[in-house]
Structure formats: structure tokens, C-alpha cells
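>
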Amino acid sequence: MRPPQVLREGTKKTVFVNFMDLCRIMHRQPDHVMAFLLAELGTSGSLDGQQRLVVKGRFAPKNFEWILRRYISDYVICPGCKSPDTILMKENRLFFLRCEKCGSGRSVAPIKAGFVARVGRRNTGT
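At position 19 of the sequence shown the residue is numbered 18 (numbering that gives the first Met the number 0), and the sequence of numbers has no breaks.
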């Protein structure tokens, strides 16, 4: 797998350039990968017009790499045969990982978002 290409945009945003390519390589929905990344980073973000992931905050490329490794071990690699040839299915609000090679299946943990503080401008009280 290729390493994530991460750029800084301005002083408060980080751009994950090859986000869609990595989703395609892993055969996963971009929404699911994005939800996991944003929950693990504890921030908010969105896809821009060029299909790049724009994240609020300053993050190093290593942060994205570690989180992607964790995502792959939890949601891509089969626990039985260690094959990346898996399908992630959603049934009754639960996600199931089904291996195409050995046929095994298991439920995977839902993505839990941590606390994200809402920071805004203060009223001046005028």
C-alpha cells in the first residue's frame, strides 16, 4: 500500500491528497474510512471538489499512516487467513467482515467518535 500524501493548507487545515486512491485499493467506501479517520483524529473534515480529504487541524503524515494501519487491521484484513480480500457489509446496524478467500465472517466494532470541542468566536457583549 502506498503511504498517504498529506499537505498543509494554510495554518489550520491538513489535506489528505490520495485519500480516494487508498479507499479504492482497500475496496472500502470513502464515507466509512473518512468516519474512522475523523473519529481517531478527534476532529472534523470533508471531501473537497478534487476528492481530497480536508481535515481541520495540523497533523503529521505519520498520524494518518498509523490510523490507516489500525483501520486496515480492524476493517480490511481477515483475522483467520490474513488476506486483504474481504468485503465489509452492513446488516441490521452492524458491520460484518466477510473474507472472499476462506469464507469466514465476523462482526467488527462500530466507529465511535470521541469528544470534539466546538470552538467558536466569543460574543463581545455589545
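Here a beta-carbon is modelled for each residue, glycine too, at the ideal position from N, C-alpha and C.
Quantities reported herein were computed from a predicted structural model and do not represent experimental measurements.
Quick check on DSSP: helix, strand or coil for V16?
The residue labelled residue 16 in the question sits at position 17 within the sequence shown. Correct three-state label for V16: coil.
> For E8, count neighbouring C-beta atoms within 10 Å of its own C-beta (all shown protein chains included) and say buried if the count is 16 or more, exposed if not.
Translated into the one-based positions of the sequence shown, residue 8 becomes position 9. E8 comes out exposed.
> Here's the rule I'm using: 16 or more other beta-carbon atoms within 10 Å means buried, otherwise exposed. How should M25 be labelled?
Numbered from 1 along the sequence shown, position 26 holds the residue referred to as residue 25. The residue is buried, with at least 16 neighbouring Cβ atoms inside 10 Å.
> Tell me, to the nearest whole angstrom, how far the beta carbon of C2 is from that of E64; I am working on the premise that it is less than 8 Å.
For the purposes of this step, residue 2 is taken as the residue at position 3 of the sequence shown. For the purposes of this step, residue 64 is taken as the residue at position 65 of the sequence shown. Reading the sequence as shown, one finds Pro at residue 2 and not Cys. Rounded, the Cβ-Cβ distance is 6 Å, consistent with contact.
> Taking C-alpha atoms, which residue in R27, R57, T10, Y70 lies nearest to R39?
Within the sequence shown, residue 39 is the residue found at index 40, counting from 1. Sequence check: residue 39 is Glu here, not Arg. Cα-wise, what sits closest to E39 is Y70.
> Is M88 buried or exposed, if buried means 16 or more other CB atoms sit within 10 Å of its CB?
Locating residue 88 in the sequence shown gives position 89, where the first residue counts as 1. It is exposed - the Cβ of M88 has fewer than 16 other Cβ atoms within 10 Å.
> Could you tell me the alpha carbon to alpha carbon distance between C22 and Q50, rounded to whole angstroms?
Mapped onto the sequence shown, residue 22 falls at position 23. Mapped onto the sequence shown, residue 50 falls at position 51. Taking the straight line from one Cα to the other gives about 11 Å.
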